[in-house]
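Residue numbers (the numbering used here), protein chains in the order written: chain X, -14 to 243; chain V, -14 to 243; chain A, -14 to 243; chain W, -14 to 243; chain F, -14 to 243.
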Amino acid sequence: MDLATALGVIVGFVVIIGTIAYESHGSMGIFFNIPAIAIVGGGTTCATMIHFSMRQFLGVVSVVKKTLVVKIAPPQDSIQKMVNYAAINRRDGALALEQEIPKIRDPFLSKGLQMLVDGADEHHIQDLLGQEIQYMEERHSMGKKILDFMGASAPSFAMVGTLIGLVSMLSKMENPDEIGKGMATALVCTFYGALIANLVFIPMGGKLGQYSKAEKMSMEMIKEGVCAIAKGDNPTLVGEKMQIFLSTKHREAIKAKV
Amino acid sequence: MDLATALGVIVGFVVIIGTIAYESHGSMGIFFNIPAIAIVGGGTTCATMIHFSMRQFLGVVSVVKKTLVVKIAPPQDSIQKMVNYAAINRRDGALALEQEIPKIRDPFLSKGLQMLVDGADEHHIQDLLGQEIQYMEERHSMGKKILDFMGASAPSFAMVGTLIGLVSMLSKMENPDEIGKGMATALVCTFYGALIANLVFIPMGGKLGQYSKAEKMSMEMIKEGVCAIAKGDNPTLVGEKMQIFLSTKHREAIKAKV
Amino acid sequence: MDLATALGVIVGFVVIIGTIAYESHGSMGIFFNIPAIAIVGGGTTCATMIHFSMRQFLGVVSVVKKTLVVKIAPPQDSIQKMVNYAAINRRDGALALEQEIPKIRDPFLSKGLQMLVDGADEHHIQDLLGQEIQYMEERHSMGKKILDFMGASAPSFAMVGTLIGLVSMLSKMENPDEIGKGMATALVCTFYGALIANLVFIPMGGKLGQYSKAEKMSMEMIKEGVCAIAKGDNPTLVGEKMQIFLSTKHREAIKAKV
Amino acid sequence: MDLATALGVIVGFVVIIGTIAYESHGSMGIFFNIPAIAIVGGGTTCATMIHFSMRQFLGVVSVVKKTLVVKIAPPQDSIQKMVNYAAINRRDGALALEQEIPKIRDPFLSKGLQMLVDGADEHHIQDLLGQEIQYMEERHSMGKKILDFMGASAPSFAMVGTLIGLVSMLSKMENPDEIGKGMATALVCTFYGALIANLVFIPMGGKLGQYSKAEKMSMEMIKEGVCAIAKGDNPTLVGEKMQIFLSTKHREAIKAKV
Amino acid sequence: MDLATALGVIVGFVVIIGTIAYESHGSMGIFFNIPAIAIVGGGTTCATMIHFSMRQFLGVVSVVKKTLVVKIAPPQDSIQKMVNYAAINRRDGALALEQEIPKIRDPFLSKGLQMLVDGADEHHIQDLLGQEIQYMEERHSMGKKILDFMGASAPSFAMVGTLIGLVSMLSKMENPDEIGKGMATALVCTFYGALIANLVFIPMGGKLGQYSKAEKMSMEMIKEGVCAIAKGDNPTLVGEKMQIFLSTKHREAIKAKV
């Protein structure tokens, strides 16, 4: 679970609700408005369904969930594991790696190891794992595109909702005392749109992009390591080839540990 | 018929009209405003006609209609068919494919098959079908450009209409009771522009882009398959060459079926 | 004369003026406002003069006029003509083409033919006509850039004008009855800016871009044809080389006619 | 001095001030507002100082001044001069060019000539003058970037100023008669920001870009000519090599003159 | 410490506070509003935490601090130092450089020198220092991305805050005298967002970009110099190789000094 995301969402909503409670002196009822939720939520959802295909639209939920829940293994761990596998491969041959596979939770790594066990050659592994990485990137970039579209769509439907409220209110302005209340109700819609876009859709799209970059680097490192093992490199060389992906600071930390 | 698009448009309008009915307590008359429709619809149409040529402007309707109605065949079906054709070609020669053509509904596939029957060589097929794909892409990207322009133009003409309403109302503000009604009428125009742009033009432009990408992949697969048959590849190889276009998940599903 | 542009501008203004007449119940005087015209027109013109050079600024008028008035010959006609010239060249030699030149209205085509008569070789023609095409493109893209800038500038100066009106009105708000009229006058300026930008400048810039693309294709086709004649290709080959620029549909229409 | 720029700025301000005089019926005092000038001018200047370095910030003034005052020599003159130098070089040797240098006002041309006198070879001249051109372009593009930033910053600080005015006015709204005047004062700030950005910063940034392109072409032509002289080309060839930079129209005008 | 940044921030806030003091006739209390600070500050911080990872978010502070405090050595000094090192290397061998390292404050330069002392060859130095430069650029560009995101996020949350204030105020508009005060309080939020974005986040992001470019040039020069020493170039050549990075003006100033 990504801490910054959870913290950001929770603290963000606490700040917003706290301010609402303070500003409205406790009478927060007006900020809870079913038609406003229907317009902003419904409109954005429908526009997203029109823009994308049914499958892409339903896919975004699982992509986002995965981003929030799945933790990318720290690069140091991947290197350490791969160096171990290289040692096993050297000592006992590729078949001995088979008993390591059930212990692995990352399906990408276990796929790579399975190919080693099956005796696939370096270029075949390179191709297949590379395709897997590209496919992951496409799914993530589609998710980011959908979230960005929702972030642009929500404020627009919020405006549609506010306009409906304003027109309704203005068209039967008999009682001037009701003007204030009518405008307040209309503006709640704008508030919903601005809040959901800026606290959820836009930053979640950004996080998905960051997550995709980090996962790509992690997968590229594993691919590099598996290929090195397939080529028969010794454990030290496998580790060095994977370290090229790390920044200087990280690399020194690893050296210190090893 | 694309389900997500149909559902999105229908549910979207139901949500909007439902909110209007709820907010206006049933007196929805003010939301139906002929001059506002004239300004937003007429202005956007005229600006689009000035921006594009007459032929491009009229073409967008047919492109959109096709996007909504024509269903792209699932890649698995295309592969299955092509593997069959390859088997027929192997067994009975290219001429035997002629009786398959009348059964095909996709004009691109039937064109490819006709070329096989006519004995065209691989490079010729590659060139001609490639050109066909490029031409389809250009038509679709022009349609997307027009829809995007309409999505930007509609809110602008909505503002023009609202300004006309406001200026008219303000210039003869004798009866303060009429201010509210006048402003409501003026704002209906802004509402139309925001609604049509965000629920129709912009997401439809996006869907056209998605559709174009999917159709391109489908056509590229068919081109690849026809070329493989022309080269005399065996049915298995034809199927494998076409599967390169599919993601890993899809590919496994196909293997499982075959 | 481009029909879509003329129709778009005329119908567009008819719709706008019709709505004004309807909304203002005939008292349209307030919508005709000299200071507003001065600010929007003058401001946009001055900013454009500062942004571009004097020569570029004056050039945009002629480019736009040409776009509206000059009709690009249909590609079929160009091919037909060029096939004829190729036949004459074959039968009677290049000098016989000289008597065709006075009949030609397109200066680019007549320049190409003159080079054939003068006996210029293929590469020289390619270079010179290519340069001519590039020069045309630069002029058109500068025109598009100026129109786009005017489309962005007009609403800004409209806002400047509206602000002048609002400040003046608010600073001497003795008679509350005059507030409405003052605001109406101020908003007319915003109306002018939005209208001229969205119905004239922005779509005209777009049309210029479309026109430039079409003219480029037409000129490239002529260049290709003239070069083929200079190389001594037979009429059929000249026609085929030019047809490469056309889409499949067009090509079949030509075949049907020939 | 660039005529279009001068005319644009002067006529632009005359139109604005004229409209103000007309709209405010002579009482223009409210449009002259020291705090508004302080916020828009001071805020924009400070933000620019934070964004860029001190040296870049001070450099923009000299770049803009140069753009307005220095006139780029017409290409025909450069060609004529260079043809003369080539003739002198041929007749009397490179050293005879030394007495031409003091007559030259353009430092770039005199640098090129000095290199010829010093006997530098073609490639050395190419490198050094090319570097000089690149350095000029960088300075100009930095100037354009600063002006564009100021054009975006001015309206933002104008909004800040207007908000200060509005909040102050609203927080002590005892006398309703003063509301109008307070709002007018607040809006003057928005007016300043929109005016200065759209009549000065944005179009001046555009002009700097145009000027930079024109100066680059002029310098490239001189570089080409000096290199041709260094290579020992005859005067006619020198002239022809420089004419390649000119459009067809210009070239014919030169031919007619020569 | 960068003078322009410090001056810009301080003068900027002095101008803003001065205008507030003048406009509000001393009663500045309304401009200090805890809930507004909570919404703008808290919302922007939370959205940034969601968008980026925890480590990136915390890293931006140190990057910005470094930009403000660390001064990039003038290129002339770097050249002078490197020429000295080259002379020492020539005279006394690479090991004699070891006693120079403790005197150096720039960690990049001292790393380069250490590699010389260790006898690393040219290509190894090129690779390692090049990687170091790339890593610095990535950190800076991430910092710029975060600041730009905050510059876009702050005005959005300011709007959210203003909407909360407006809705609260409008929903219990019993006392018309309080409307003004309520609106003033609501607008203070918008003011905060516009001010912090335009005076801090956006220009600081720009400055970080400028700083990154300058630091990159300085590091590239040092890399070039260290490589030249490793290759055994004489001091004059080392100086010349480094001067290629400088503009003509700078170069002449250095020649004059040397």
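Note that the Cβ used here is the ideal one computed from N, Cα and C, for glycine as well. Note that this is a predicted model, so its numbers are computed, not measured.
On a CA-only basis, which of the options is nearest residue i? Give me that one, please.
| i | options | result |
| --- | --- | --- |
| V/I118 | V/V223, V/E200, V/G167 | V/E200 |
| V/V25 | A/S47, A/M227, A/L155, A/V0 | A/V0 |
| F/F42 | X/A(-11), X/R90, X/R75, X/P59 | X/A(-11) |
| W/G(-7) | A/Y7, A/G28, A/A(-9), A/G(-3) | A/G28 |
| A/N69 | A/G210, A/I229, A/G178, A/E205 | A/G210 |
| W/M121 | W/Q99, W/L101, W/P92, W/D106 | W/P92 |
| F/L132 | F/F(-2), F/T30, F/A58, F/D(-13) | F/T30 |
| A/H10 | V/V48, V/M154, V/V49, V/V55 | V/M154 |
| X/A134 | V/I(-5), V/K192, V/I22 | As written in the sequence, residue 134 of chain X is Phe, which differs from the Ala given in the question. With distances taken between Cα atoms, X/F134 lies closest to V/K192. |
| F/G44 | F/K129, F/G194, F/S141 | F/K129 |
| A/T52 | A/K96, A/L151, A/A(-9), A/G165 | A/A(-9) |
| W/L180 | A/K198, A/P140, A/G165 | A/P140 |
| F/H36 | X/K216, X/G217, X/D218, X/Q195 | X/Q195 |
| F/G217 | F/V102, F/A58, F/S156, F/I187 | F/V102 |
| X/E107 | X/A215, X/D(-13), X/I(-5) | X/A215 |
| V/K157 | A/Y7, A/G165, A/D62, A/Q65 | A/G165 |
| W/L151 | F/G167, F/I149, F/G136 | F/G167 |
Which of the three DSSP states is assigned to residue i in this structure?
| i | result |
| --- | --- |
| W/P275 | This structure cannot settle anything about residue 275 of chain W, because the visible part of chain W is limited to -14 through 243. |
| F/N18 | coil |
| W/G115 | helix |
| A/L231 | coil |
| W/D77 | helix |
| A/K66 | helix |
| W/K88 | helix |
| W/A23 | helix |
| F/A72 | helix |
| A/K216 | coil |
Can you tell me where the alpha helix (DSSP H) holding residue i begins and where it ends?
| i | result |
| --- | --- |
| A/S47 | 39 to 54 |
| F/H36 | 28 to 36 |
| F/S95 | 92 to 102 |
| W/V0 | -12 to 8 |
| X/G224 | 220 to 228 |
Which residues in the same chain as residue i place their Cβ atom closer than 8 Å to its Cβ, once the five residues preceding and following it in sequence are excluded?
| i | result |
| --- | --- |
| F/I5 | M13, F16 |
| A/A169 | I15 |
| A/A72 | P220 |
| X/P60 | M202, S203, M206, M227, F230, L231, H235 |
| F/G104 | A79 |
In chain order, what residues of the same chain lie with their CB nearer than 6 Å to the CB of residue i, ignoring the 5 residues before and after it?
| i | result |
| --- | --- |
| X/K208 | L114 |
| A/A32 | S138 |
| X/A213 | V223, K226 |
| F/L98 | L82, I86 |
| X/S95 | I86, I89 |
Between which residues of its own chain and residue i is the CB-CB distance below 7 Å, once the five residues before and five after are set aside?
| i | result |
| --- | --- |
| X/T175 | A143, M144, T147 |
Shorter than 7 Å from the beta carbon of residue i to some beta carbon of chain C?
| i | result |
| --- | --- |
| X/I131 | Absent from the structure is chain C; the protein chains it does hold are X, V, A, W and F. |
(message) Going residue by residue through the segment 123 to 211 of chain V, where are the continuous alpha helix (DSSP H) segments of at least 4 residues, counting only ones entirely within it?
(response) As far as the segment 123 to 211 of chain V is concerned, its whole alpha helix (DSSP H) runs of at least 4 residues are 162 to 181.
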